[in-house]
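K.L.:
Quick note, the sequence shown lines up with residues 1 to 305 if you use full-length UniProt numbering.
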Amino acid sequence: MKTLQSISTNPYFNLAWEEYILKNIHQDEDIFLIWRNEPSIIIGRNQNVFEEVNLDYIVKNQIPLIRRNSGGGTVYHDLGNINFTFITKQKGAINNYALMTEKIILALHSLSIPAEFSGKSDIKMDTFKISGNAQYVFKDKLLHHGTLLFNANLEHLKNALKDKENHTSSISVKSNRSQVTNLSSYVPMTIEAFEDFLIDSLRQTDEPLKLTDKDLRQIEKLRDEKYLSYNWNYGESPRSVIEKSLGDYKIKVVVSYGHVEEAFIVKHNSLELNLSSSLVGERCFPKDLIILQKKAPEVYQMLFT
């Protein structure tokens, strides 16, 4: 197994880096990648931004949102969270999360951490989740990636991800929230030393995977054209109907491909304000909906928190 650690902590770059290696770096042996991101929200391929994320919170705290290629739930990343990726052609690995997390669990056991596989795709320790995992297939290769909470900001994690009554309906995949904890209380080392430990545990050759300058230029191109795109990150959300009430008011907003399709405010079952003419076609993102914020600030607050 060849290993590579990302030189970047930029989440847009790292998701492009991971995808590029999967699709363009051809090896006879498996690949293990390790990387960390600056604070960011990473949403699953088939998820709805408006159901999963507290948009007002991430805008105020300048936390970017990026859609990944794999399915599964929405996760919070920061520099206290380690991301790992396996790229393999191994038979029987697809949807076999127990198999694909085994090497990570064994590495944790060697540090006397009582980690165990749990549910469909998690690693837990003393009933607390420390790792979530997801997969996707490209041709004859499987990409399996996961998180390891080392000393992540759990307050950001809690506040940025929605975990309350949802007023949005769509056909998206929903996240399942779990109680989480950090590994740092159990591991007497820095996060950098822990990353080195994981690499040493997984490395099966002294020769690391290497990328050329041409590879890096192609990764930057993919970052710019895909992962920095509003249409990829928000526009890929399934068509959504958001309905919320506040006192005598009820708001209904229909969002399609990340843009407003319809918007109404109703009071006592009577149309109070039709916002469609001024909002249709607008990107449904807090900082873009200045019109709604000015006309009905309480409705704006209700929609995005």
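We treat Cβ as the ideally placed atom computed from N, Cα and C, and that holds for glycine.
Every value quoted in this text rests on a predicted model; they were computed, and no experiment measured them.
1) Is it right to say T127 is buried, meaning 16 or more other beta carbons lie within 10 angstroms of its own, or is it exposed?
2) Only counting the same chain, and skipping five residues up and downstream in sequence, which positions put a Cβ closer than 7 angstroms to that of T9?
3) Roughly how many whole angstroms lie between the Cα atoms of R217 and Y227?
4) Under three-state DSSP, which class holds K244?
5) Go ahead and label S245 buried or exposed: buried means 16 or more other beta carbons lie within 10 angstroms of its beta carbon, across all protein chains shown.
6) Quick check: P208 and T74, are their CB atoms within less than 8 angstroms of each other?
7) Leaving out the 5 sequence neighbours to the left and right, which residues in its chain are closer than 7 angstroms to D140 when beta-carbon positions are compared?
8) To the nearest angstrom, how far is the alpha carbon of F84 from that of Y97?
9) According to DSSP, is A93 helix, strand or coil?
10) Would you list, in sequence order, the uninterrupted alpha helix (DSSP H) runs of no fewer than 4 residues that lie entirely inside the stretch 48–127?
11) Kindly confirm or deny that the stretch 111–128 and the stretch 185–200 touch, where touching means at least three C-beta pairs closer than 8 angstroms.
12) Looking at the structure shown, is Q5 part of a helix, part of a strand, or coil, going by DSSP?
13) Quick one: residues in its chain with C-beta nearer than 6 angstroms to the C-beta of L148, no 5 flanking neighbours on either side, listed in chain order?
14) Which first and last residues belong to the beta strand (DSSP E) in which Y249 is found?
15) Can you give the Cα-Cα distance for A115 and E236, rounded to whole angstroms?
16) Would you mind sorting N176 into buried or exposed? The rule is 16 or more other CB atoms within 10 Å of its CB.
17) Are the beta-carbon atoms belonging to L157 and Y76 less than 8 angstroms from one another?
18) So, with DSSP's three-state summary, where would you put K267?
19) Can you tell me which of P238, F264, G258, Y257 puts its alpha carbon nearest to the alpha carbon of K250?
20) Sort Q27, N61, G119 by Cα distance to F86 and report the nearest one.
21) For K129 versus Q179, is the C-beta distance shorter than 8 angstroms?
22) First and last residue of the alpha helix (DSSP H) that includes L216?
23) Thinking C-alpha only, which one of Y57, I25, L99, R68 is nearest P11?
24) Could you check what DSSP says for S278 in three-state terms: helix, strand or coil?
25) Could you tell me the boundaries of the beta strand (DSSP E) in which S201 lies?
26) What is the DSSP secondary structure of E262, counted as helix, strand or coil?
27) For A160 and G72, which I take to be in contact (beta-carbon distance under 8 angstroms), what is that distance rounded to the nearest angstrom?
28) Buried or exposed for L106, please, with buried defined as at least 16 other CB atoms from any protein chain shown within 10 angstroms of its CB.
P.N.:
This is what the structure gives:
1) Residue mapping note: residue 127 aligns to position 127 of the sequence shown, counting from 1. Per the 10 Å Cβ criterion, exposed.
2) The residue you call residue 9 lines up with position 9 of the sequence shown. Here T9 has R36, N37, E38, L79 as same chain residues with Cβ atoms under 7 angstroms from its own Cβ, once five neighbours each way along the sequence are excluded.
3) The residue you call residue 217 lines up with position 217 of the sequence shown. The residue you call residue 227 lines up with position 227 of the sequence shown. Put simply, the backbone Cα of R217 is about 15 angstroms away from that of Y227.
4) Numbered from its first residue, the sequence shown carries residue 244 at position 244. Assigned with DSSP and collapsed to three states, K244 falls in strand.
5) To locate residue 245, count along the sequence shown from 1; it is residue 245. Counting every other CB atom within 10 Å of its CB across the protein chains shown gives S245 a total below 16, marking it as exposed.
6) As a working mapping, residue 208 is identified with position 208 in the sequence shown. As a working mapping, residue 74 is identified with position 74 in the sequence shown. Contact: no.
7) Along the sequence shown, read from residue 1 onward, the residue named residue 140 stands at position 140. Only residues of its own chain outside the window of five on either side were considered, and among them K89 have a CB closer than 7 angstroms to the CB of D140, listed in chain order.
8) Position 84 of the sequence shown, counting from 1, holds the residue named residue 84. Position 97 of the sequence shown, counting from 1, holds the residue named residue 97. Looking at the two C-alpha atoms, the distance is approximately 14 angstroms.
9) Along the sequence shown, read from residue 1 onward, the residue named residue 93 stands at position 93. Correct three-state label for A93: coil.
10) Runs found: 49–52, 55–60, 97–100, 102–109.
11) Yes, they touch.
12) The residue given as residue 5 occupies position 5 in the sequence shown. Reduced to three states, the DSSP call for Q5 is strand.
13) Along the sequence shown, read from residue 1 onward, the residue named residue 148 stands at position 148. The residues are I82, S131.
14) For the purposes of this step, residue 249 is identified with residue 249 of the sequence shown, where counting begins at 1. Its beta strand (DSSP E) spans residues 249–256.
15) The sequence position of residue 115 within the sequence shown is 115, counting from 1. The sequence position of residue 236 within the sequence shown is 236, counting from 1. If you draw a straight line from the Cα of A115 to the Cα of E236, it comes to about 35 angstroms.
16) By one-based count along the sequence shown, residue 176 stands at place 176. For N176, the pLDDT reaches just 49, beneath the cut-off of 50, and the residue's location in the model is therefore unreliable, although a value from the coordinates is still provided. Exposed.
17) For the purposes of this step, residue 157 is identified with residue 157 of the sequence shown, where counting begins at 1. For the purposes of this step, residue 76 is identified with residue 76 of the sequence shown, where counting begins at 1. At the C-beta level, L157 and Y76 come within 8 angstroms of one another.
18) Here residue 267 is taken as the residue at index 267 of the sequence shown, counted from 1. K267 carries a strand assignment under DSSP once its states are collapsed to helix, strand and coil.
19) Position 250 of the sequence shown, counted from the start, is the residue given in the question as residue 250. Cα-wise, what sits closest to K250 is F264.
20) To locate residue 86, count along the sequence shown from 1; it is residue 86. Of the candidates Q27, N61, G119, the one whose C-alpha sits nearest the C-alpha of F86 is Q27.
21) For the purposes of this step, residue 129 is taken as residue 129 along the sequence shown, with counting starting at 1. For the purposes of this step, residue 179 is taken as residue 179 along the sequence shown, with counting starting at 1. Contact flag set, yes.
22) Counting from one through the sequence shown, the residue named residue 216 turns up at place 216. Residues 213–222.
23) For the purposes of this step, residue 11 is taken as the residue at position 11 of the sequence shown. Just measuring C-alpha positions, the residue of Y57, I25, L99, R68 sitting nearest P11 is R68.
24) Numbered from 1 along the sequence shown, position 278 holds the residue referred to as residue 278. If DSSP states are grouped into helix, strand and coil, S278 belongs with the helices.
25) To locate residue 201, count along the sequence shown from 1; it is residue 201. Looking at the DSSP string, S201 is not in any beta strand (DSSP E); the run it does join, the alpha helix (DSSP H), is 191–202.
26) Locating residue 262 in the sequence shown gives position 262, where the first residue counts as 1. DSSP, reduced to helix, strand and coil, places E262 within a strand of the structure shown.
27) Stepping through the sequence shown from its first residue, residue 160 is reached at position 160. Stepping through the sequence shown from its first residue, residue 72 is reached at position 72. Not confirmed; about 17 angstroms, so no contact.
28) Working through the sequence shown from its first residue, we reach residue 106 at position 106. Within 10 angstroms of the beta-carbon of L106 lie fewer than 16 other beta-carbons, which makes it exposed.
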